[in-house]
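Visitor: Here it is: the structure, laid out below.
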Amino acid sequence: MDERMKMLTRKTNKGKSPDSFSERANSYYHERPQLLALLDDLYNGYLSLADRYCQVLAKNQQQQKQKLHSRSSSPNLRAKFEDAAQTDERDTGEVIDSDAESSLSFQPPNLVPVETKEVDADMIVADLIMKTVEYEIVQNELTVVEKRWSELSRKMDLQKNLLDVLESERLILLNDNTTLGYRVSALAEENKGLASESMFLKRKAAELARCVLKTREDHRVCMLSRKIEDLQGQIHGLEKRNKEYYEQLVKQEEKSISKGMKSKGGEEVNLEECFQVGGGGVGAIRLSKYFSFNVKKPGDQLSKGDLKAVGDLDGRKASKLWDKVKKFDLFQCGSHFDAATTT
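Set out below in structure tokens:
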């Protein structure tokens, strides 16, 4: 008990004015229950001491009674009283040892009227002390209860204020929730509209892509058709020129043949003898391919072999001209074609 009181006094001396909330909570939830437990122990110890004091007084009274009766009674009675006193002493010793069974509502047994006034005075003093102690204990408990009640009332007021604040916050949150619900519904409708617009735009984009591909294909087809038309025009022009050149060459060949036949009084000059190389070599063979060395008279007619040779010559010239035409670039302009033909 003394050690506990010393520990509590040290703690109270160290922290007389707790500033932080944790220190206050510690003092309220840990130190205060320890103080209350210590007060309860002190109260129980004081009650046990008061009970012992009352029992000792009763024992003294009984001993005095026994002494008085022993003086006036016989020795046998004296022995009986002594045995009874011993049994009473044993009982009182057992009562003194059992501190836990003591209580404030101890009432001494109905005793035989006391002969001396000193015993009555001691009993009155003991009763007064017990009453004062009970009054102080009850007063202390009342103060503790009043403090608890004040603290509870203060906590109740705080909780009421907190409840009011929470209720106001709840109402504000309900209003915010309703406004947010309206906004969410509006946003959902707007989202639906945007989704439909996006689908419409996707469809339009697909249609535009198809149109673009179609226009590209049409443009490509148009360009190819134009190129084909240009190529067809160029081929047609080249065919016309080829035909004209072929006709001109045929006319020139006919003129050259007619001029050769009519030279020097209607006879042809036999150039084979002039360009003969000993024994008719390779030069004569080459010259015979391009010139006719046979002398023809004006009245002579061309044989079938001569006509065939002339046709073969004309065909070879026409084929050579056609090869030249094939080698020309079809995409060249007319000026380039004229320059190539003149060269």
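First residue of the sequence shown: 1, per full-length UniProt numbering; consecutive thereafter. C-beta: ideal position from N, C-alpha, C; glycine also.
Spell out a yes or no on whether the stretch 41-53 and the stretch 120-140 are touching, meaning 3 or more CB-CB pairs, one atom from each, closer than 8 Å.
Guide: yes
Visitor: Could you have a look at K262 and say whether DSSP puts it in helix, strand or coil?
Guide: Numbered from its first residue, the sequence shown carries residue 262 at position 262. Three-state result, K262: coil.
Visitor: Leaving aside the five residues before and after L39 along the sequence, list all residues of the same chain whose C-beta is less than 8 Å from its C-beta, in chain order.
Guide: Against the sequence shown, residue 39 aligns to sequence position 39. Within the same chain, L39 has close Cβ partners N140.
Visitor: Give me the Cα-Cα distance between E239 and R203, rounded to the nearest whole angstrom.
Guide: Sequence index remark: in the sequence shown, residue 239 carries index 239 (1-based). Sequence index remark: in the sequence shown, residue 203 carries index 203 (1-based). Near 53 Å, if we compare the C-alpha coordinates of R203 and E239.
Visitor: Compare the C-alpha of K144 against each of G260, P33, S258 and name the closest.
Guide: In the sequence shown, residue 144 corresponds to position 144, counting from 1. Note on identity: in this sequence residue 144 is Val, with Lys being the wrong assignment. Ranking the options by Cα distance to V144, first place goes to P33.
Visitor: Is the beta carbon of L57 closer than 7 Å to that of S122?
Guide: The residue labelled residue 122 in the question sits at position 122 within the sequence shown. The residue labelled residue 57 in the question sits at position 57 within the sequence shown. Looking at the sequence itself, residue 122 is Asp, so the reference to Ser does not match. Going by C-beta atoms, D122 is nearer than 7 Å to L57.
Visitor: Which value, in whole angstroms, describes the spacing of the CA atoms of L249 and D218?
Guide: Within the sequence shown, numbered from 1, the residue matching residue 249 stands at position 249. Within the sequence shown, numbered from 1, the residue matching residue 218 stands at position 218. Near 45 Å, if we compare the C-alpha coordinates of D218 and L249.
Visitor: Going straight from the alpha carbon of E244 to that of S258, what length do you get?
Guide: In the sequence shown, counting from the first residue as 1, residue 244 sits at position 244. In the sequence shown, counting from the first residue as 1, residue 258 sits at position 258. If I take the Cα positions, the gap works out to 21 Å.
Visitor: When the Cα of I129 is compared with those of S22, M261, R241, C54, which residue comes out closest?
Guide: Translated into the one-based positions of the sequence shown, residue 129 becomes position 129. Ranking the options by Cα distance to I129, first place goes to C54.
Visitor: Using a Cβ-Cβ cutoff of less than 7 Å, which residues in the same chain neighbour K155 once the five nearest sequence positions on both sides are dropped?
Guide: As a working mapping, residue 155 is identified with position 155 in the sequence shown. Around K155: no qualifying Cβ.
Visitor: Near N60, which residues of its chain fall below 7 Å by C-beta distance, leaving aside the five closest residues on each side in sequence?
Guide: Here residue 60 refers to the residue found at position 60 of the sequence shown. Around N60: no qualifying Cβ.
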